[in-house]
Structures are given as structure tokens and as C-alpha cells.
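Here's the structure, in C-alpha cells; my notes come after.
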Amino acid sequence: MSMTITEKILAAHAGKDRVSPGELINCRLDLVLANDVTAPVAIKEFSKLGLDRVFDPDRVALVPDHFTPNKDIKSAELALCVREFARSYGITNYFEVGKMGIEHCLLPEQGLVLPGDMIIGADSHTCTYGALGAFATGVGSTDLAAAMALGECWFKVPESMKFIYHGKMRPWVGGKDLILYTIGDIGVDGALYRAMEFTGEAIQDLSIEGRLTMCNMAIEAGAKNGILAPDEKTKAYVEKRAKRPYRFYYSDPDAAYVEVKEYDVSQIEPQVAFPHLPENSRPVSEAQGIELDQVVIGSCTNGRIEDLRVAAKILKGRKVHPRLRVIIIPGTQEVYLQALREGLLETFVEAGTVVSTPTCGPCLGGHMGILAKGEKALSTTNRNFVGRMGHPESEVYLCGPAVAAASAVTGMITHPEEVMGDAD
Amino acid sequence: MELRGKAHCFGDDVNTDYIISGKYKFKTLDMKELAKHVMEDLDPDFARKVQPGDFVVAGRNFGCGSSREQAPLALLNAGVGAVLAQSFARIFYRNAINTGLPVVVCDTSLIESGDELVVDLEKGLLQNLTKGKEIPIKPLPPVMLKILSDGGLAAHFRKYGTFHL
């Protein structure tokens, strides 16, 4: 009986030969994670269980990334709660400010999430790790508390939905544009409870960074997980980082899918999602000229080195439009250091942007770039809900790093070709 | 488990930021405090109007967005007895069960704000007393019903020491 990659990983971790959609199973977990917002609630629940240890101190990752460096006294207290728990339970993978990065940029980079893994995280964007050929999904803090205790979690096997991306991407189109286009097609509940499996020539052409971006936003279509087949690029990425064995799984050619979507990516322009849902995506040509107050480049969606390279290519030798604030946030310390060595940070500062230490900050209206009433932001983040980045009457448009950087130069939403000519 | 209360209706895609706005939920673990602001961007009077046991009734994809458990906890602490929707975002659905907030999938187009409802989770039946209609509900998976009737996952876990699938 044939299975999808998602079903194979679930079956392997449930100790079964096969599983089918709809089946309830108990799975062994390879890693569980939480951040400074979700861990305190999990810790509170964990303490109710009356245990003196976690299932494995090496397989719990705690990443205080949302409100750190501490924004205020309340967030300092949440961060303290996580730090004290990490110390008293001997959590190996606790990342203090200085080592900390945005969790979904950090854990792949640190080799803590690997192909074939079964991962849950108390953060909805945990689905990011599917880009390495792992099953990863977001849960709440109580599920996480039980997982920290047991190293297990129960799941309903999801139906799989296959997305085939044919053709070659146009210049300035990346993983963010493909996923915004896809969510625009199927809607914010278009993959509800399902596994989104990304395949096709364009997915093979995407870098690991672009794949992480795509899987990161599977949750924005309601999916349980996003996933794609590992390949040589995956191997090259993980083999120098992995600290434990990993395994590549592939969907059988005749595996069953509840729905199949096919796209010709050569027809896809860089995308912009209008307020107030990620499904409101349109070609950038239909968004040209919308005046902006702020541009943010970063986040668990687009805070990786490739994203910064794209932004720097456009910002090099140019200046930020005087009306704008432009905030650039490398996702991790490693990304920050790499950007420094490549001269990208110099480009950014010379252009008139501000470069921040890694943090989720502005994406969720937390800190480091809150919007006032009536302000408009263009952001490489993942959600543009009402009030997401600040005042309920502010607006957020979503895009990839190329459109963000080009728009930073002109002060309004702009196709990168307008700034760069036809040169990619 | 029989639940009884009045309906408070909302639309599709009610996200976790609407349920409890980010500007409050990061500040405190005090759910009673959070409960004062529940659903306020959609209905500023909701927290004041809702009576213990009342139902939040919505369209598709209720609870989309973040994984934070503050969303179901704020509803619970505001006195909401259950959420009824055409469909739920999956993380919210799990979190609701884990924290002891009943969630019911059914055709909510037959319910208006103010309707008196009775829900029987075991029998899988919803009665709209005001309209005199019976509405079938999608039964919860047995494991979820078990967790819910134990009072949430922490209580379930204390009882069995594991998941009792």
C-alpha cells in the first residue's frame, strides 16, 4: 500500500507499517520547542503534572525570541520563567540572548531539526521544518507540556494535498511569491487539517531558504504541515549541521492525494498580499504606487541569508525614500555575522535602514516597529490580520524581500524591475 | 455533557488576534484579566454581555492564526460554554479541547444571536430552542471527548499518566 511522505514519517514514529488519513495515532517526537510567549504557559501546565524531569533534556528546545532582548518588565518576567525552567531541568538547547535567533531560522541552522523528524512546537509556524523533509506542526502550550513530559503526542493522520509547480520562475520571484500565490488560490482555510506537499521543477529549483519560506506559511492556508521531498540540496544543508542520524522519506508515486493543484510558475509575478488576510494576494503590478510608512525585512518567513542578499542587491548604492522607516532583522546571529562578512550590513546602513538584533518583534506588533493609526507597512512577514503590527487601523501588506527592498527605495509598492531594470 | 446557553454570532475566519488581541495577550498570564478583552475588536461589549455558559457561534475557520492558548483560555475565563462553528483552525481546536473548552462543528447558518441552544456532546445533538430546530453536530473523536470530559489534557494526564487513546 502506497503512502505519502507525511504518512511515512507518521507511521515510522507511531511504530506502524502504515497509516491512513483520519487514523488516530500516538507518535514519538524527535524534538519539541517553545518560545518566550508559549513556554511560560507550557511550564505552568507542566508543573501541574507533578514531574521532576522532562522526557529528554536534549530534545526540548527553548528559544526566547518574541520579546527579547526584553521589551518591558512583563516580557522580562516571561523570559525569566523560561530561563529558570531551562536551568532547573537541564535543557541543553536553551538559547540566551547572544545565541538566540528567530526559532524557525535558528533550529534548522543549528541542525536540531532534520529530515524524517517528527517535531511539534508551541508556535504556529513550526510547520517551517517540513522544508527539510520532516513532519512538523504547531500545537498549543498544553500539548507541549504533555510532550515535554512524555516525548509523545497524539495525531490524526491528515489527508495530503499535492501542489505541483511547473516551469521556471521569473526574475525576482522566490518561495514567498509562490506560497502567497498558492494561498491566494486556495484561501486561508484551503488546506485546513491537511498536509500541503510541494513538488515540481520550481520546488527543486528553490534554495533551502526558499523552501523554508514556503513551508513556513502552510499554516496560513490552515494546513497541519507543509512538506517537500528532500534532495541533494537538503543533504548539503543538513550534513554539516546534523548532530544525530536522519532519514530521507519520499512519497510513493501512486500515493493518494485528496486534491492536486498545478501551477505554471512562469506566469507568476512577484506577489503582494493586501490587508487583512494572506489570501488577498495579487501580482505586484496591481499594487504599484501604494504609499508606505514602514518596510520590514526579516522574520521566520524571510529572515535568512538569501533574503538579505536579495535585499542588499537592490539597496546597494541606493537610499531609502525619506518618508520611510526601513527595519531589517537578520533571523539569527549566524545570519547576522554572515551578512556582516559579506558587507550586506554596510549596504543596509548606508542605504538608511536600521539593522536589528534577531527578534520576532514587529511581526506580531510586539516591539521594534509598531504602527500608528492609519499607517501602512510592507513586510516580508507572514500575517496581515487587523492590528497585527500595531494599531487596529494600521495596514500590513505582505511580500518577499525583493519587492520590499525595491519599495523601500521608492517609498511605495514597486516591482523590483522598476528599480533594477531587467537585470536580475 | 449537556450545555445550555445563548448564542453570540460572529463571521468567518475569526483569528486568534480577534479572540484576544496581541497587545494584551503577551502582557500577562492572568486569564481573568485577558477575559475582559475577549472578542473586543469584533464586539466591544462582548465581555460584558456574555453570560456563563453562553455560546460563541461562528462561520468557517474559527481560531485561525497563532498557536497561543490564551485564545481558548480567555474565552473560557469569560464564561463561554462552547464555541460552535462550521469549521475550526486545527491548532485552536486542539487547544480548546486541551484546556477544557468544548468545540462543536455544525451548520451554524441556522443560528442567530440571542437563540437559546442546548448541546449534547455525547449524543451529537444541538437543539435550537428558539427556532424549534434540531441541528446534527459532527461528533468529537473519542480521544478528544475523553480529554474534554476529564477537564482538559493536564487533568487527563494526571488521571492516566499518558494519552489514553
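Here the protein sequences line up with chains A and B, keeping their order.
Using the working numbering, the letters of the first sequence map in sequence onto residues 275 to 698.
Using the working numbering, the letters of the second sequence map in sequence onto residues 5 to 169.
Virtual Cβ for every residue (Gly too), placed ideally from N, Cα, C.
{"Query": "Whole beta strand (DSSP E) elements within the region 475-512 of chain A, 3-residue minimum", "Result": "499-502"}
{"Query": "For residue 718 (chain A), the residue or residues it bridges with in DSSP", "Result": "The first residue shown for chain A is 275 and the last is 698, placing residue 718 (chain A) beyond what the model contains."}
{"Query": "C-alpha distance - residue 499 (chain A) paired with residue 468 (chain A), whole-angstrom precision", "Result": "7 Å"}
{"Query": "In chain order, each beta strand (DSSP E) run of at least 3 residues that lies wholly inside the region 618-693 of chain A", "Result": "650-653, 669-672"}
{"Query": "Nearest candidate by alpha-carbon position, reference residue 99 (chain B), set B:80, B:90, B:117, B:113", "Result": "B:80"}
{"Query": "Residue from B:110, B:122, B:121, B:159 whose Cα sits closest to the Cα of residue 63 (chain B)", "Result": "B:110"}
{"Query": "Short CB-CB distance (under 8 Å) between residue 103 (chain B) and chain A", "Result": "yes"}
{"Query": "Min CB distance residue 145 (chain B) to chain A below 8 Å", "Result": "yes"}
{"Query": "Contact between the region 481-493 of chain A and the region 367-377 of chain A (3+ Cβ pairs under 8 Å)", "Result": "no"}
{"Query": "Within 8 Å of chain B by C-beta, residues of the region 654-670 of chain A in sequence order", "Result": "657, 659, 660, 661, 662, 666"}
{"Query": "Rounded distance between the beta-carbons of residue 405 (chain A) and residue 502 (chain A), thought under 8 Å", "Result": "6 Å"}
{"Query": "Alpha-carbon to alpha-carbon, residue 450 (chain A) and residue 650 (chain A)", "Result": "20 Å"}
{"Query": "Proximity test, Cβ basis, 8 Å: residue 288 (chain A) and chain B", "Result": "no"}
{"Query": "Chain A contacts from the region 42-63 of chain B (Cβ-Cβ distance under 9 Å)", "Result": "45"}
{"Query": "Residue environment, residue 403 (chain A), which counts as buried when at least 16 other CB atoms sit within 10 Å", "Result": "buried"}
{"Query": "Where the alpha helix (DSSP H) through residue 150 (chain B) begins and ends", "Result": "146-153"}
{"Query": "Endpoints, the beta strand (DSSP E) within which residue 439 (chain A) is located", "Result": "434-440"}
{"Query": "Proximal chain B residues relative to residue 498 (chain A), where beta-carbon distance stays under 8 Å", "Result": "94"}
{"Query": "Simplified DSSP state of residue 520 (chain A), which is helix, strand or coil", "Result": "coil"}
{"Query": "Inter-residue Cα distance where the pair is residue 517 (chain A) and residue 531 (chain A)", "Result": "34 Å"}
{"Query": "Chain-ordered neighbours of residue 319 (chain A) on chain B, where CB pairs are closer than 7 Å", "Result": "158"}
{"Query": "8 Å CB neighbourhood of residue 106 (chain B) in its chain, flanking five on each side removed", "Result": "5, 7, 85, 86, 87, 100, 123, 125, 152"}
{"Query": "Neighbour list for residue 456 (chain A) in chain B, Cβ cutoff strictly below 8 Å", "Result": "By Cβ distance, chain B contributes nothing, its closest Cβ being about 16 Å from residue 456 (chain A), past 8 Å."}
{"Query": "Pick from B:150, B:134, B:14, B:103 that is closest to residue 46 (chain B), judged by C-alpha positions", "Result": "B:14"}
{"Query": "Bridge partner(s) assigned by DSSP for residue 124 (chain B)", "Result": "B:6, B:129"}
{"Query": "For residue 328 (chain A), three-class secondary structure by DSSP", "Result": "coil"}
{"Query": "Beta carbon proximity, residue 650 (chain A) to chain B, threshold 8 Å", "Result": "no"}
{"Query": "From A:606, A:360, A:593, residue whose alpha carbon lies closest to that of residue 622 (chain A)", "Result": "A:593"}
{"Query": "The region 316-328 of chain A contacting the region 142-162 of chain B, beta-carbon criterion three pairs below 8 Å", "Result": "yes"}
{"Query": "Contiguous beta strand (DSSP E) assignments of at least 3 residues, all confined to the region 72-99 of chain B", "Result": "86-89"}
{"Query": "Per DSSP, cross-strand counterpart(s) of residue 534 (chain A)", "Result": "A:436"}
{"Query": "Residue 645 (chain A) burial status per 10 Å Cβ neighbour count (16 or more: buried)", "Result": "buried"}
{"Query": "Option nearest residue 128 (chain B) by Cα separation, candidates B:136, B:113, B:28, B:145", "Result": "B:145"}
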